[in-house]
Amino acid sequence: MIVRLTSEQLRLLMDESRKNHPIEACALLFGRLIDGEAVVTRVVVMPNVLKSPTRFEADPQTVFNAFEQADRDGLQFMGLFHSHPAPASPSVVDIKYMRLWGEAVWLILSSNDGNMAAFQMINGDIHEVTLKVEAV
Ligand SMILES: [Zn+2]
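Numbering (my numbering), first residue to last: 2 to 137.
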């Protein structure tokens, strides 16, 4: 799997992570699957209602609204973004939740060092996903 982001989306995610550090920032990613690639066309930033440096949770109504809007606009759910003050790899808690989100892409940004990586769980195994950022 390849995930495509624009440099503008990347900047937005970096800013969110910086602003919230060490609290985890989170966002939903919507877009289209084109030739097997997840092309992100919409990033919806979600306030972390837990205000935690190790966990994130968005308000259910906000999540619902984002999914409804995406559906109206013909966009598919591509995955979740979150930052954490740890290396850019899934934590034990993340792995637990990855099991609940099917094959959604998990984009993780370390708010310590600014590294970003993406992962996907397929049949219970975690795979790293290639991230491609296009300049806009
Ligand atoms: Zn995490």
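C-beta: ideal position from N, C-alpha, C; glycine also.
query	result
Residues whose Cβ lies closer than 5 Å to any heavy atom of ligand 1, in chain order	H85, S92 and D95
Per DSSP, cross-strand counterpart(s) of A118	I109
Neighbourhood of M122 by C-beta distance below 6 Å, restricted to the same chain and skipping five residues each side	M99
Coarse secondary structure for I3, derived from DSSP in three states	strand
Cβ-based neighbour list, V50, same chain, cut-off 8 Å, excluding 5 preceding and 5 following	E58, A59 and D60
Among A39, R5, K133 and V46, the one whose alpha carbon lies nearest that of N21	V46
Where T131 falls: helix, strand or coil (DSSP)	strand
7 Å Cβ cutoff met for F31 and F78	yes
CB of S8 within 7 Å of CB of V134, strictly	yes
Closest by C-alpha distance to F65, when choosing among I35, V94, L29 and P54	L29
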